[in-house]
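**Q**
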Amino acid sequence: MRQALVRLLSLSFCAAAVSWGQVDRATLSGAVSDPSGANIGGAKVSIGSAATGFRRDTITSQSGAYQLPGLPVGAYTISISKPGFNTARFDRVVLAVGQSRTLDAQLVVGAVSTAVEVSADVTPLEQKNAEIGTVIGEQQIKNIPLNGRHWAALMMLAPGAVNIGEGNQNSIRFFGRPRDDNNWTFDGVDATGIKDPRQEGNLRLVISTDSIAEFRVNSLPFTAEGGTGGGAQINLVSKTGTNQFHGSAYEFFRNSSLDARRPFDGANPPPFGLNQFGGNLGGPIAKDKTFFFANWESLFQRLTISRADGLVPSAAFRQRTPAALQSLVKLYPAGTAPSANANVDHLIAETPEKRNEHSGMARVDHRINDRHSLFFRVAMTDGLISQIRNGLMETRDSSIRPTNITAQWQQVWTPAMVNEVKLGFNRSALTRNDVGRIPEGVAIPGFTSTQPTSYIIEKPNAYSIVDNLSWIRGRHTIKIGGEIRRIQLNVGNGPATSVAFASLDAFLRNSLNSVSIGSRLDTVGVRRTFSSVYFQDEIRFSPELTLNLGLRYEHYTVSKDVYGRGRVFDAVRCQGYCPAGTPWFFPDNDNVTPRVSLAWTPKMLGGKTVFRTGYGRYIGPGQNDDVTAAIDSLPENLSLSAADAPTLSYPPAPFLAQLRSQGQSPRSLQRDRKEPESHMWTLSVQHQLPGGMVAQVAYVGNVGRNQLTRTYVNTLDPVTRRRPLTAFGQVDEKRFDGNTYFNGLQSSLTRSFSKGFLFQAQYMWGHAISDNAGSGEGGQIQNIGCRACDRGDADYDIRHTFTSNTVYRLPFARNQWYGGWDLSGIFTARTGAPFSVSIARAAATVPSGQTQSQRADYIGGDVYAANKGPALWLNPAAFALPANNTYGNSGRNAYRGPGLLQADAGISKNFRVTESVRLDFRTEMFNLFNRAQYGNPVNARNSSTFGTILTTANDGATGTGTSRQLQFMLRLHF
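Numbering (my numbering), first residue to last: 17 to 990.
1. On the criterion of 16 or more Cβ atoms from any shown chain inside 10 Å, does leucine 705 qualify as buried, or is it exposed?
2. Go to serine 343, then tell me how far its alpha helix (DSSP H) extends in each direction, as first and last residue.
3. If you check the beta carbons only, do threonine 964 and proline 953 fall under 8 Å apart?
4. Taking the alpha carbon of serine 820 as the point to measure from, which residue in Ala67, Ala174 and Arg41 has its own alpha carbon closest?
5. Could you tell me which uninterrupted alpha helix (DSSP H) segments, each at least 4 residues in length, are contained entirely in the segment 87-174, listed from first to last along the chain?
6. How many Å lie between isoleucine 56 and serine 79 at the Cα?
7. Give the secondary structure of glycine 195 by DSSP, where H, G and I count as helix, E and B as strand, and everything else as coil.
8. Run through the DSSP bridge pairs and tell me what serine 43 is partnered with.
9. Could you give the DSSP three-state label for leucine 319: helix, strand or coil?
10. Taking the DSSP output, what are the residues bridged to phenylalanine 546?
11. Per DSSP, what are the beta-bridge partners of tryptophan 781 in this structure?
12. Could you tell me how far apart the beta carbons of proline 279 and threonine 320 are, in whole angstroms, since I believe they sit closer than 8 Å?
13. Report all residues from its chain with a CB closer than 7 Å to the CB of tyrosine 874; omit the five preceding and five following residues, and keep chain order.
14. State the Cα-Cα distance for the pair glycine 808 and asparagine 564, rounded to the nearest angstrom.
15. For arginine 371, report the span of its beta strand (DSSP E) as first-last.
16. Okay, do the segment 252-268 and the segment 684-704 touch, 3+ Cβ pairs below 8 Å being the bar?
17. Check whether the segment 721-741 touches the segment 237-248, counting contact only when three or more Cβ pairs, one atom from each stretch, lie closer than 8 Å.
18. Let me check one thing: in DSSP terms, what residues is leucine 297 bridge-paired to?
19. Is serine 28 helix, strand or coil by DSSP?
20. Distance check for valine 360 and leucine 219, CA to CA, integer angstroms please.
21. Helix, strand or coil for threonine 861 per DSSP?
22. Can you look up serine 414 in the DSSP assignment and give me helix, strand or coil?
23. Could you tell me the alpha carbon to alpha carbon distance between serine 486 and tyrosine 757, rounded to whole angstroms?
24. In chain order, what residues of the same chain have a beta carbon less than 6 Å from the beta carbon of serine 389, not counting five sequence neighbours either side?
25. On the three-state DSSP scale, how would you describe isoleucine 800?
26. When DSSP builds the beta bridges, which residues end up paired with glutamate 230?
27. Run through the segment 405-492 for me and flag every whole beta strand (DSSP E) of 3 or more residues, listed as ranges in chain order.
28. Quick check on threonine 225: buried or exposed, where buried means 16 or more other Cβ atoms within 10 Å of its Cβ?
29. Looking at the secondary structure, which residues open and close the beta strand (DSSP E) in which leucine 524 lies?
30. Can the beta-carbon of isoleucine 488 be found less than 8 Å from the beta-carbon of phenylalanine 546?
31. Please go through the same chain and pick out, in chain order, the residues whose beta-carbon is closer than 7 Å to the beta-carbon of glycine 263, but skip the five residues on each side of it.
32. Please report the distance separating the alpha-carbon of threonine 11 from that of glutamate 182.
33. Tell me the rounded alpha-carbon separation between threonine 625 and lysine 619.
34. Within 10 angstroms of the Cβ of methionine 985, are there 16 or more other Cβ atoms? Answer buried if so, exposed if not.
35. If we call anything under 8 Å between Cβ atoms a contact, is glycine 257 one with phenylalanine 307?
36. I'd like to know whether the C-beta atoms of aspartate 920 and phenylalanine 942 end up nearer to each other than 8 Å.
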């Protein structure tokens, strides 16, 4: 006992956890009794896997209870025995990631050598805590149609999920929480983006779908193991090898000849091609001891984009251009159609956007003995995305190389005490090159401006050490653990040179109006440490009642540059820039977060109904990029105008030495900020129905405090029209004083995959409110002196959302040549997303002088058009320009766009080649009924197209909201 306490205390101080505890593992518990219902203590419970040779034993307590924590996910055989009773044997008990499952057994009097096969009645109810979530299992990952094959799209299958875009990790929110409150882990180690939590949303193979065994989405966590924000906790588990060699090779194919025309396409859809292929192999290195699994996948996508917004010099204008500028004007592409201006042609061209991605994952598991096991896993991706930037077909090439590595050592000290130590490395490297036709950005009135050639380099790293201990002591299951995570944010960008001509005549005279160089940032090394500890006690008062009590403490250090750089701007304390060495912000130490939940399974209802309730406080850092204002203030701006250099001309190289410093453009951060926090609570009921169905109804509420907001300081005084700090202009400031609110009713009906059939359906009514706040969400407010005036529906407020998915293995003739058919599908429906009616205003007409996020006046009448549709959604007569020195009275996000209704379906045929080789052919149909999925209308009141809809819900080539598309797959299993 004393030795166990020493172990427990030492482990509790060895680390501090931001990620989950043993979330990539499972727990099995239960009670053993005789036919009279009396508890059987001292019974031996053994769990094993023939696939890997895994085995673990435990003994039931005097009350007949047992618990086996820290189990790898998978299928097991379980035997329960005691002298004087027959041995009970349960085959193929499947344990999923993050699950705590109950398996009760009744032993019959007899010889222990007599094994009785028992049907495994593992309850699908969550009887231990109040968490709301789901496991996305192997059948869904393999069979649900995914447009673009991004695993994150499957998060929509989880309770509380809403999709406000194309259905990837950038556009899915949970129970009214902002985007950056979500947290991703891979095999229990941080896999969230470092500079920005999204990772790189455009990269679809950050983690290959074929590398994932399953993953759990905890939409509403209530144990102290989870942290880094109050959003969903998503934990992916990689595939592993077994004692049998197994693998597959596959290709997915799409092109535009299989796609329907989108509403705003021309006569034919733009050319498109997608090839996604790869293979994997797993098996034993040493039987029952060492296993490997490796996966490789590549993706090649080509999409031709038609651009009609380029304005270029006409042939007549080129002839008038002087010889000194002929080299410049030749860099503009030739026009394809004349305009009303004889000097200007339209450029209508087709240019391909390309995407090349290569992803690999390898994992090795080694079992030293029944008490000690290790695994090492590495996942790497190399992606190149080339996109069009403007109407001149200038490109942006993004090279993205995320890497995620983890190593784990699990120790089973006793059957009641299991410990895991993990080492993790996470990198989300990005190099982005903006390639202009002309090295400088050139602005000539009447022509589309060229973009300057420049680059951005990001090499952020996160190193983590995680320790989690589970200790069963009587009625108590105690978990203690933590993580220390060291953040390295190495970023920099190149200079951007721009030149401007005042008029076409000035261009023909080669008389520049100005030359400027700005935004250069030599590589900086921002450093920060995340650390926290947690304590969780699951108290099982009886088989009917379980109480969870948890306490967590999180601490995020103040960011700083490793070289001591950074300029802190504080309009109040320093009246501008602060002295060198000033801390970027003050630390927030008030980060104790309690968690409590209760689960009651009344015996009088047959043990098939569980009532659950819970409350938790959550703290999260948001984006690391949100607290680097001191770095954003470093770049120096240089410029030279014709007033100071009358002979200023192109090319600008001879004049660069004369450029004068315009100082730095300060950025400000609220230095007495508090970490974003949220308070969440729920009351839910689960009921087990016949046929393996589970119904759930839940009320969910939460409130967010200290949420990220954007504002300006040093704005104009409405009376004097002067700025408080005359040496500075308007300064952008990030603050943490925003609020979010959510109330929702969630219901679901679920049947896990069994006997060839899986089904899930869920509906949620919810109302998310904010005052334009939230990491990854918050924008500038209209009236900087009245944040409450921006209170309204959150950007992600979707009132009604319904999602269902199914996998059905047709039962007839499975072993015949004409059998082997599988069907699958996903259906999504939601109401419209909110938007505001904006209006462009001159600074002199706005009380504060800041013109961003200004809204129109609502002057009465019907807001929506009489026959609301794409041709006219809003009524222009209902909105007008506000009077001078007043703010618009229309509400923020007060109006709604079209909803979304989409069905995707898949059908596959399996061909048995040999006993161990199978060929699958699959057809997937996205937006099966080709329903037009429209986006929100043009919301700028000044625009000539105000109120009309000119876009679809997703203008990309993949994801939710496209036109009907077909995809084929061929996969060889062996």
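Heads up, the beta-carbon is just placed ideally off N, CA and C, and yes, glycines get one too. All values derive from a computational prediction rather than experimental measurement.
**A** Let me lay it out:
1. The residue you call residue 705 lines up with position 689 of the sequence shown. The residue in question, leucine 705, is exposed, as its Cβ has fewer than 16 Cβ neighbours within 10 Å.
2. Here residue 343 refers to the residue found at position 327 when the sequence shown is read from its first residue. Judged by DSSP secondary structure, serine 343 falls within the alpha helix (DSSP H) whose first and last residues are 342-345.
3. Here residue 964 refers to the residue found at position 948 when the sequence shown is read from its first residue. Here residue 953 refers to the residue found at position 937 when the sequence shown is read from its first residue. Yes, the pair counts as a contact, with Cβ atoms nearer than the cut-off.
4. As a working mapping, residue 820 is identified with position 804 in the sequence shown. Distances from the alpha-carbon of serine 820 to those of Ala67, Ala174 and Arg41 put Ala174 closest.
5. If we require 4 residues or more, the alpha helix (DSSP H) runs fully inside the segment 87-174 come out as 154-159.
6. The sequence position of residue 56 within the sequence shown is 40, counting from 1. The sequence position of residue 79 within the sequence shown is 63, counting from 1. Cα to Cα, the separation comes out at about 7 Å.
7. Within the sequence shown, numbered from 1, the residue matching residue 195 stands at position 179. Note on residue identity: the sequence assigns arginine, not glycine, to residue 195. Looking at arginine 195 - three-state DSSP - the assignment turns out to be helix.
8. For the purposes of this step, residue 43 is taken as residue 27 along the sequence shown, with counting starting at 1. The sequence given here places threonine at residue 43; serine does not occur at that position. Per DSSP, Ser116.
9. If you number the sequence shown from 1, residue 319 lands on position 303. Looking at leucine 319 - three-state DSSP - the assignment turns out to be strand.
10. By 1-based counting over the sequence shown, the position of residue 546 is 530. As DSSP reads the structure, phenylalanine 546 sits in a beta bridge with Arg501 and Tyr572.
11. One-based indexing of the sequence shown puts residue 781 at position 765. Residue pairing by DSSP places tryptophan 781 opposite Leu761 and His816 in a beta bridge.
12. Here residue 279 refers to the residue found at position 263 when the sequence shown is read from its first residue. Here residue 320 refers to the residue found at position 304 when the sequence shown is read from its first residue. In fact, because the Cβ distance is near 18 Å, the residues do not count as touching under 8 Å.
13. Numbered from 1 along the sequence shown, position 858 holds the residue referred to as residue 874. Cβ within range, chain order: Ala894, Phe895, Asn905 and Ser906.
14. Position 792 of the sequence shown, counted from the first residue, corresponds to residue 808. Position 548 of the sequence shown, counted from the first residue, corresponds to residue 564. Spanning the alpha carbons of glycine 808 and asparagine 564 requires a straight line of approximately 35 Å.
15. Along the sequence shown, one-based indexing puts residue 371 at 355. Run containing arginine 371: 360-383, per the beta strand (DSSP E) assignment.
16. Taking a cut-off of 8 Å on C-beta distances, the segment 252-268 does not touch the segment 684-704, as fewer than three cross pairs fall below it.
17. When Cβ pairs closer than 8 Å are counted between the two stretches, the segment 721-741 is seen not to touch the segment 237-248, the count staying below three.
18. Position 281 of the sequence shown, counted from the start, is the residue given in the question as residue 297. Leucine 297 is bridged to Gly263 and Ala310.
19. Position 12 of the sequence shown, counted from the start, is the residue given in the question as residue 28. Any reading at serine 28 must be qualified, since the residue scores a pLDDT of 36, below 50, and its modelled position is unreliable; no value is offered.
20. Here the question's residue 219 lines up with position 203 in the sequence shown. Here the question's residue 360 lines up with position 344 in the sequence shown. Each residue's Cα considered, the two are about 38 Å apart.
21. In the sequence shown, counting from the first residue as 1, residue 861 sits at position 845. Note: threonine 861 maps to helix in three-state DSSP.
22. Along the sequence shown, one-based indexing puts residue 414 at 398. Looking at serine 414 - three-state DSSP - the assignment turns out to be strand.
23. If you number the sequence shown from 1, residue 486 lands on position 470. If you number the sequence shown from 1, residue 757 lands on position 741. In this structure, the straight-line span from the alpha carbon of serine 486 to that of tyrosine 757 is close to 35 Å.
24. To locate residue 389, count along the sequence shown from 1; it is residue 373. Result list for serine 389: Arg383 and Gln426, in chain order.
25. By 1-based counting over the sequence shown, the position of residue 800 is 784. Under the three-state reduction of DSSP output, isoleucine 800 falls in the coil class, being neither helix nor strand.
26. Translated into positions along the sequence shown, residue 230 becomes position 214. Bridge partners of glutamate 230: Val253.
27. Fully contained in the segment 405-492 are the following beta strand (DSSP E) runs of length 3 or more, in chain order: 411-430, 433-451, 457-459 and 470-489.
28. Numbered from its first residue, the sequence shown carries residue 225 at position 209. Burial call: buried.
29. Walking along the sequence shown from the start, residue 524 turns up at place 508. Counting along the chain, leucine 524 falls outside any beta strand (DSSP E), though it belongs to the alpha helix (DSSP H) covering 520-524.
30. In the sequence shown, the residue the question calls residue 488 occupies position 472. In the sequence shown, the residue the question calls residue 546 occupies position 530. No, the Cβ-Cβ distance between isoleucine 488 and phenylalanine 546 is not below 8 Å.
31. Against the sequence shown, residue 263 aligns to sequence position 247. The beta carbon of glycine 263 sits closer than 7 Å to the beta carbons of Gly295, Asn296, Leu297, Gly298 and Phe990 from its chain, once the five residues preceding and following it are set aside; these are given in chain order.
32. Because the chain here runs from 17 to 990, residue 11 falls outside it and cannot be looked at.
33. Taking the sequence shown and counting its residues from 1, the one referred to as residue 625 is at position 609. Taking the sequence shown and counting its residues from 1, the one referred to as residue 619 is at position 603. Between the C-alpha atoms of threonine 625 and lysine 619 there is a straight-line separation of about 9 Å.
34. Position 969 of the sequence shown, counted from the first residue, corresponds to residue 985. Burial call: buried.
35. Here residue 257 refers to the residue found at position 241 when the sequence shown is read from its first residue. Here residue 307 refers to the residue found at position 291 when the sequence shown is read from its first residue. When the beta-carbon positions are compared, glycine 257 and phenylalanine 307 come within less than 8 Å of each other.
36. Along the sequence shown, read from residue 1 onward, the residue named residue 920 stands at position 904. Along the sequence shown, read from residue 1 onward, the residue named residue 942 stands at position 926. Taking the C-beta atoms as reference points, phenylalanine 942 is found nearer than 8 Å to aspartate 920.
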